[in-house]
Amino acid sequence: MAEKLLESQEESSEQSELYEILLNLKEYPLDLNSATLEELEIIPGLTPVLRDNILRYRQRRGEFKRVEELLRVDGVNAETYEYLRELVFVKKPARPAPKSIRLNLRSRLSDRVDRPVGFEEGDYLYSPQKIYHRIQYQIAEKISGGFLLEKDSGERRWDDLRLYYVAVDAHPNFSFLVGNYLLQIGQGLTLWGPYGFSKSADAIFPIKKRGREFRGYSTVDENAALHGGVAHVTLKHFAATIFASRAKLDATLTSENEVSGLFATGFHRNENELSKKDALTESLAGAALRLQLPLQLTVGGSFYFSKFDKTINDPDLVRQRFAFRGRKNAVAGFHWDWRIPSANLFGEAAGSKNGGRALLAGALLDFKKIQLAFLFRDYGKDFQNLHGFAFADANGSTQNERGYYSGLHFKIGERTAVSAYYDIFTHPWRTFFEPLPFDGNEFLAQIEQRFSNRLRLTLRYRENQKQETETFEDELMRERREFVEILKRQGRLQLDYDLSRQLRLRSRWEFVSFKTNRFNSAVAETDEQGFLMYQDVRLQPTKALTLTARLTIFDTDSFDSAVFQYEPDLPGLATNRSLFGEGARWYVLINYQFRFMGFSAKYAETFRDDTDVIGSGADEIQGQRDRRFGVQIDLKI
88 MAEKLLESQE
98 ESSEQSELYE
108 ILLNLKEYPL
118 DLNSATLEEL
128 EIIPGLTPVL
138 RDNILRYRQR
148 RGEFKRVEEL
158 LRVDGVNAET
168 YEYLRELVFV
178 KKPARPAPKS
188 IRLNLRSRLS
198 DRVDRPVGFE
208 EGDYLYSPQK
218 IYHRIQYQIA
228 EKISGGFLLE
238 KDSGERRWDD
248 LRLYYVAVDA
258 HPNFSFLVGN
268 YLLQIGQGLT
278 LWGPYGFSKS
288 ADAIFPIKKR
298 GREFRGYSTV
308 DENAALHGGV
318 AHVTLKHFAA
328 TIFASRAKLD
338 ATLTSENEVS
348 GLFATGFHRN
358 ENELSKKDAL
368 TESLAGAALR
378 LQLPLQLTVG
388 GSFYFSKFDK
398 TINDPDLVRQ
408 RFAFRGRKNA
418 VAGFHWDWRI
428 PSANLFGEAA
438 GSKNGGRALL
448 AGALLDFKKI
458 QLAFLFRDYG
468 KDFQNLHGFA
478 FADANGSTQN
488 ERGYYSGLHF
498 KIGERTAVSA
508 YYDIFTHPWR
518 TFFEPLPFDG
528 NEFLAQIEQR
538 FSNRLRLTLR
548 YRENQKQETE
558 TFEDELMRER
568 REFVEILKRQ
578 GRLQLDYDLS
588 RQLRLRSRWE
598 FVSFKTNRFN
608 SAVAETDEQG
618 FLMYQDVRLQ
628 PTKALTLTAR
638 LTIFDTDSFD
648 SAVFQYEPDL
658 PGLATNRSLF
668 GEGARWYVLI
678 NYQFRFMGFS
688 AKYAETFRDD
698 TDVIGSGADE
708 IQGQRDRRFG
718 VQIDLKI
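Heads up, the sequence shown is in the working numbering, so the first residue is 88 and it goes up one at a time.
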């Protein structure tokens with residue numbers, strides 16, 4: 088279930104909101120007998136009906152005696168139970184008192200066997216290893232916190248990134264946090280972190296955000312966290328969150344008092360990148376209010392004021408005409424969430440200081456066998472917000488997009504499920520890369536057939552159609568830019584078969600078709616193909632040891648017809664890798680869990696037989712192999 092959401096994320100490792108939620112739930116699972124409706128709603132993929140059925144079962148039976156009782160809840164099948172049982176627990180009367188202090192320590196090192204030319208030619212000045220250390224702690228169930236130190240490949244300092252936070256539950260109705268934190272309010276138009284769910288094979292869950300007010304920040308996006316303090320107060324049906332922040336951001340300096348824009352990569356591998364580090368300071372303050380009304384209607388409002396110590400002034404007045412410029416900004420929003428029998432209506436409206444507006448409104452309908460999702464979004468071309476992250480075709484965008492999304496999940500009996508979505512979107516104004524307004528649509532349909540508890544078949548078809556600008560040479564060898572229509576189709580066939588509880592196999596075949604249609608020229612249309620086939624093996628000979636291996640064969644005409652595959656990785660990482668050209672990729676992942684310590688290691692190799700170099704620029708590798716490895720130790724004390 089989790090992979091349906093994870094495989095749609097950007098090609099990234101540490102930066103996955105979904106993975107952070109899952110890891111946090113695995114480390115601190117919810118007690119089935121005390122979890123609130125809001126806490127259960129955070130579980131990714133848990134539908135409103137299943138959530139309500141769990142609460143009704145608890146009300147009727149008094150409490151859960153063991154986790155296995157979930158199988159008696161209406162709508163929970165074997166697959167759903169296998170997913171949920173790692174995220175929840177049942178607190179037994181005889182359970183020993185929790186430790187007064189709990190510590191989680193994580194250390195990770197990763198490297199590449201084949202060095203990019205940037206290290207040889209001086210583009211990257213420092214050591215190639217990527218190093219990560221994180222400590223999280225909890226004291227007497229009242230105080231929690233953590234700190235993180237991280238160094239990217241090519242950076243000098245092993246603590247190039249330093250983050251920390253301390254959170255205190257001072258009273259059942261009052262809590263506060265000091266340090267680095269994220270705010271998650273409403274549906275992300277006003278305040279949200281840097282990550283969120285995008286369109287995926289789960290056609291229902293991703294469209295609605297489940298805000299957690301605030302939380303300590305301990306992931307590795309260097310420009311995402313606020314830094315300061317936040318306080319949260321609840322009084323019966325009312326809650327208030329007040330926050331302030333003073334955070335340093337990477338930016339490109341154009342003069343002593345001006346920057347041209349934010350530098351979002353977080354890399355500090357050479358003098359040019361180091362000159363951007365902490366070049367801009369943002370001071371921010373605001374509040375969020377939430378009121379629980381009768382009939383399960385929740386409404387709320389949020390706002391913030393922001394001031395920079397330098398003027399942001401992007402000189403590109405054509406491609407970045409409506410980008411934020413100046414030293415001050417303010418954003419305010421109103422959000423709602425109304426739960427009625429078999430339905431959930433939600434949304435948010437927001438406005439920025441310059442008069443820009445944004446609106447998002449959605450509905451989830453759950454009729455047990457059939458679930459429906461509808462979402463409308465309209466983000467003005469002049470809406471300016473550096474702290475929002477909303478559902479969009481350009482995932483996370485809160486500007487210059489209008490769209491209509493419809494999703495369906497239909498259970499045909501106990502063994503067959505159909506999922507589908509259709510999204511129509513338009514960008515009313517030009518974007519950075521496209522000189523004209525453009526529109527598009529995306530469609531996905533998937534059938535999951537369970538022949539038995541050990542054998543499952545998945546069929547998927549996905550189609551994405553939109554316009555963009557392409558540069559090419561005409562018959563006279565002149566470089567031209569032309570508006571083209573792009574149509575990308577993907578088909579997938581996947582078999583999952585569990586030979587035993589210890590041995591699980593997965594086979595996948597994926598096909599991609601990429602076509603372009605030029606409106607104005609006689610240049611031949613593009614018609615490319617891509618193909619991927621892999622065999623995945625998961626072996627768990629003992630409860631403590633898990634071995635995962637995969638061999639992938641791929642063949643695509645170019646990057647345009649690339650195929651993507653989600654890969655299990657070291658704990659805390661979620662990787663969705665693009666494969667293009669002609670070659671093979673394989674990896675081996677080992678996880679060994681002692682009583683209080685876990686050890687993980689991964690070795691991966693990509694081979695390309697259609698080229699003598701991999702990558703480009705400073706990241707170019709001479710040769711046909713890209714080999715990487717990582718090791719990690721987790722301690723729980």
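Don't be surprised by glycine CBs; every beta carbon is placed ideally from N, CA and C.
- Membership of Tyr170 in the alpha helix (DSSP H) is indicated by the continuous run Ala165 to Leu171.
- Annotation for Gly685: no alpha helix (DSSP H) segment contains it, though the beta strand (DSSP E) segment containing it runs Met684 to Arg695.
- Contact annotation, Lys498 with Ala504: C-beta distance approximately 5 Å; criterion of less than 8 Å satisfied.
- Residue pairing of Glu207 in beta bridges, as defined by DSSP: absent, with no partner found.
- By the Cβ-count criterion, Gln719 is buried, with 16 or more other Cβ atoms from all chains shown falling within 10 Å of its own Cβ.
- In this structure, DSSP gives Gln383 a state outside helix and strand, which the three-state scheme calls coil.
- If you look at Asn359, you'll find it in the alpha helix (DSSP H) that goes Glu358 to Leu361.
- Within its own chain, the residues whose Cβ lies closer than 6 Å to the Cβ of Ala450, once the five positions on either side in sequence are excluded, are Leu432 and Phe461, listed in chain order.
- For Gly388, the three-state secondary structure derived from DSSP is strand.
- Sequence-distant Cβ neighbours of Arg243 in its own chain, meaning closer than 6 Å and more than five residues away, are Tyr213.
- Leu546 sits away from Leu582, with the two beta carbons spaced by 8 Å or more.
- The distance from the Cβ of Ala410 to that of Gly438 is about 17 Å, inconsistent with a contact at the 8 Å cut-off.
- Residue ranges of uninterrupted beta strand (DSSP E) with 3 or more members, entirely inside the stretch 393–463 and ordered along the chain, are 413–427, 430–439 and 444–454.
- Ala705 sits in a helix when the DSSP states are folded into three classes.
- Pairing Glu572 with Glu521 gives a Cβ-Cβ distance that is not under 8 Å.
- A distance below 6 Å between beta-carbons, with the five flanking residues on each side excluded, links Leu376 to the following residues of its chain, in chain order: Ala327, Gly387 and Gly388.
- Scanning its chain for C-beta atoms nearer than 8 Å, with the 5 sequence neighbours on each side dropped, one finds around Lys152 the residues Val177, in chain order.
- Sequence-distant Cβ neighbours of Asn267 in its own chain, meaning closer than 6 Å and more than five residues away, are Leu250, Tyr252, Tyr304, Ala312 and His314.
- Across the set Val136, Met564, Leu523 and Gly500, the C-alpha of Gly500 shows the shortest separation from the C-alpha of Phe538.
- Check the Cα spacing between Leu270 and each of Gly241, Asn260, Ala257 and Gly298: the tightest is with Gly298.
- For Glu128, the uninterrupted alpha helix (DSSP H) segment begins and ends at Leu124 to Ile129.
- The residue from Gln216, Thr693 and Phe683 with its alpha-carbon nearest to that of Arg193 is Phe683.
- Between the stretch 596–605 and the stretch 632–652, the count of Cβ pairs shorter than 8 Å is three or higher; the stretches touch.
- Leaving aside the five residues that flank Val265 on each side, the residues in its chain whose CB is nearer than 6 Å to its CB run, in chain order, Val253 and Gly316.
- Counting C-beta pairs closer than 8 Å gives fewer than three between the stretch 281–294 and the stretch 230–243, which falls short of the contact rule.
- Scanning its chain for C-beta atoms nearer than 6 Å, with the 5 sequence neighbours on each side dropped, one finds around Ile141 the residues Val160, in chain order.
- The alpha carbon of Gly490 has as its nearest neighbour, out of Tyr466, Ala705, Ser347 and Ile399, the alpha carbon of Tyr466.
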